[in-house]
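Working notes for the structure below.
Protein chains in written order, with this note's numbering: chain A, 939 to 1199; chain B, 7 to 275.
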């Protein structure tokens, strides 16, 4: 009993530590003063400021467009890749592909950013929206593969054989049997890709060029010039969005357990 | 559905070739050439003979080691106590939630907390303590980096602890081991794979952090990541930047080698 009490105190302590900076940001977004120092009263001014900041709105929209597009594309390519690995009969080759797949997952993001910058420069591509989008697609594909592959592997072979026996074409088996079966994995992959994209700073920072900016890059350049409570308002909104996404992800990945069988 | 035809998989294969293999080859090529495009080992010789580069590398490794150690010390008990809770999956979600919030926003919060007339200093001066320089110090860099990495350390350790067969723990208790002995001789050895993964996923990013060194560390701590960023985007010396990049990749491979999974069977997928 006593041990558990110590454990609970420790848990509470670390949770406070984890959330303190986040709630600190959110609380001060309502401060009528001009800095994160000294509470002057409650106001929504910084939210008005944020919503009338056309540049910031545009950047937030950019960020969301890149996130949604890159997750959609990487989910498609990642699912195809997972299916390829699943179909590869030679275990050794399958494992090789899988290790290559993981290279971008374990690489430090500066390496990904720097090497992509070299790549885009070598092929003569202008830095901007397209280079950012391609980079986000590229670093999100491996996580989609890792989310989809286990679903494919746990799929009973018998249902595919049954489908073949009943005269389904390859395409029919794929769209009516396999895709519905692995759908939770695909959705989980999509959400992971979405977070990867929304969370990325370093890779984007390397390949963004001058004309195009995402939220993280913009916050970085603003934070170097000093703090403004407009950023706090933005982070409060981002926190709510993250919370919302986490809840969706949670309900997708944990469908009601112990339902009727 | 004949698996022999690779055309179905062309998008994925193109990705492997263009975005996995090619960039690494290009990075290596940059490191092995000079401004004129001739093959040379000069960049590496330059790196190895320069005290600045070597000192920077050691410094970066040292700080990554400290960050990993701090997060491990905080995270292991956290992961252990979490597994003791009833709704541990829900609580685990709360641990992961902060990682969904953009890194930059978290760093930004600390700028507010630590700055010269920021919240911590105001609180201190309220108690009559002279304001300290908190931001732009090595300690602030360690604090913020550890803060950011903690969830990534807790997750794998938690996963390995959850997988431990509860019969083993019961057996240990039945055989008269006290809680501490059970933790030391049964639980900890069985959770080593999680610890290894945790070290891997914290140590490698810690070597390459670059925005925190600027925003929080005030450029006092130069990590390998900062050096690469500077060579690529400020001084435009891509050849030297790539050389440091290759060093970082080697550091990463060494880390992965030492923290690879022990050959223990029975890991559920």
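C-beta: ideal position from N, C-alpha, C; glycine also.
Report task. Examine the Cβ distances between the region 983-993 of chain A and the region 1002-1010 of chain A and report whether three or more of them are shorter than 8 Å. Result -> no
Report task. If I'm right that residue 254 of chain B touches residue 1049 of chain A with Cβ under 8 Å, what's the distance once you round it to whole angstroms? Result -> 6 Å
Report task. Tell me the start and end of each unbroken alpha helix (DSSP H) in the region 1065-1120 of chain A that is at least 4 residues and wholly inside, in chain order. Result -> 1067-1092, 1095-1103, 1108-1111
Query raised in the report: From A:1080, A:1072, A:1000, pick the residue whose C-alpha is nearest to that of residue 1038 of chain A; which is it?
Result: A:1080
Query raised in the report: Going by beta carbon distance, what residues of the same chain come within less than 8 Å of residue 1199 of chain A, once the five residues before and after it are set aside?
Result: Confidence at residue 1199 of chain A is low in this model, with a pLDDT of 33, below 50, so the placement of that residue is unreliable and no value is reported for it.
Query raised in the report: To which residues of the same chain is residue 245 of chain B closer than 8 Å at the C-beta, ignoring the five residues directly before and after it?
Result: 36, 37, 39, 40, 41, 49
Requested in this report: Would you grab the beta carbon distance between residue 1051 of chain A and residue 1143 of chain A for me? Rounded to a whole angstrom, and I think it's under 8 Å.
Outcome: 6 Å
Query raised in the report: If you draw a straight line from the C-alpha of residue 3 of chain B to the C-alpha of residue 147 of chain B, how long is it?
Result: This structure gives no information on residue 3 of chain B, because the portion of chain B shown stretches from 7 to 275.
Query - Range covered by the alpha helix (DSSP H) that runs through residue 204 of chain B - result: 198-214
Query raised in the report: Looking at the C-beta of residue 1139 of chain A, does it have a partner C-beta in chain B at a distance below 8 Å?
Result: yes
Query raised in the report: With 16 other CB atoms within 10 Å as the buried threshold, where does residue 232 of chain B fall?
Result: buried
Query raised in the report: From which residue to which residue does the alpha helix (DSSP H) around residue 245 of chain B run?
Result: 244-264
**Report entry** Listed by chain order, chain A residues near residue 125 of chain B by CB distance under 8 Å
**Finding:** 962, 974, 975
Query raised in the report: Under 7 Å Cβ-Cβ, which residues of chain B neighbour residue 1060 of chain A?
Result: 32
Report task. Find the residues of chain B that neighbour residue 1180 of chain A, judging by a C-beta separation of less than 8 Å, and give them in chain order. Result -> 103, 106, 107
Query raised in the report: What does a CB cutoff of less than 8 Å around residue 117 of chain B pick up in its chain, not counting 5 residues either side in sequence?
Result: 124, 141, 221, 222
Query - C-beta contact flag for residue 1139 of chain A and residue 213 of chain B at 8 Å - result: no
Query raised in the report: Taking just the CA atoms, how far does residue 978 of chain A sit from residue 263 of chain B?
Result: 54 Å
Query raised in the report: Does DSSP put residue 1148 of chain A in a helix, in a strand, or in coil?
Result: coil
Query raised in the report: Just by C-beta distance, which residues in the region 1009-1038 of chain A are closer than 7 Å to chain B?
Result: 1015, 1018, 1019, 1022, 1025, 1038
Query raised in the report: When DSSP labels each residue in this structure, what does residue 1199 of chain A get in the three-state scheme?
Result: For residue 1199 of chain A, the predicted model reports a pLDDT of 33, less than 50, meaning its position is unreliable and no value from the coordinates is stated.
Report task. Give the secondary structure of residue 93 of chain B by DSSP, where H, G and I count as helix, E and B as strand, and everything else as coil. Result -> coil
Requested in this report: Kindly list the residues whose CB is nearer than 7 Å to the CB of residue 1036 of chain A, restricted to its own chain and excluding five residues on each side of it in sequence; keep chain order.
Outcome: 1023
**Report entry** Closest residue to residue 1186 of chain A among A:1149, A:1047, A:1148, A:1122 (Cα-Cα distance)
**Finding:** A:1122
Requested in this report: Would you verify that the beta carbon of residue 128 of chain B is, or is not, closer than 8 Å to some beta carbon of chain A?
Outcome: yes
Query raised in the report: In angstroms, rounded to a whole number, what distance separates the CA positions of residue 96 of chain B and residue 241 of chain B?
Result: 47 Å
Query raised in the report: Since residue 945 of chain A meets chain B, which of its residues come closer than 7 Å, beta carbon to beta carbon?
Result: 87, 90
Report task. Taking residue 1089 of chain A as the reference, give the member of A:952, A:1017, A:962, A:980 with the closest Cα. Result -> A:1017
Requested in this report: Indicate the three-state DSSP secondary structure (helix, strand or coil) for residue 142 of chain B in the structure shown.
Outcome: coil
Query raised in the report: To which residues does DSSP link residue 969 of chain A through a beta bridge?
Result: A:980
Query raised in the report: Would you say residue 255 of chain B faces chain A, with C-beta separation under 8 Å as the test?
Result: yes
Query raised in the report: What three-state label does DSSP hand residue 229 of chain B in the structure shown?
Result: coil
Requested in this report: Flag this pair as yes or no: are the beta carbons of residue 1112 of chain A and residue 1020 of chain A separated by less than 8 Å?
Outcome: no
Query raised in the report: Apart from the five residues on each side of it in sequence, which residues of its chain come closer than 7 Å, Cβ to Cβ, to residue 1013 of chain A?
Result: 1082, 1124, 1127, 1128, 1131
Report task. Indicate whether at least one CB of chain B lies closer than 8 Å to the CB of residue 982 of chain A. Result -> no
Query raised in the report: The alpha helix (DSSP H) with residue 31 of chain B in it runs from where to where?
Result: 28-37
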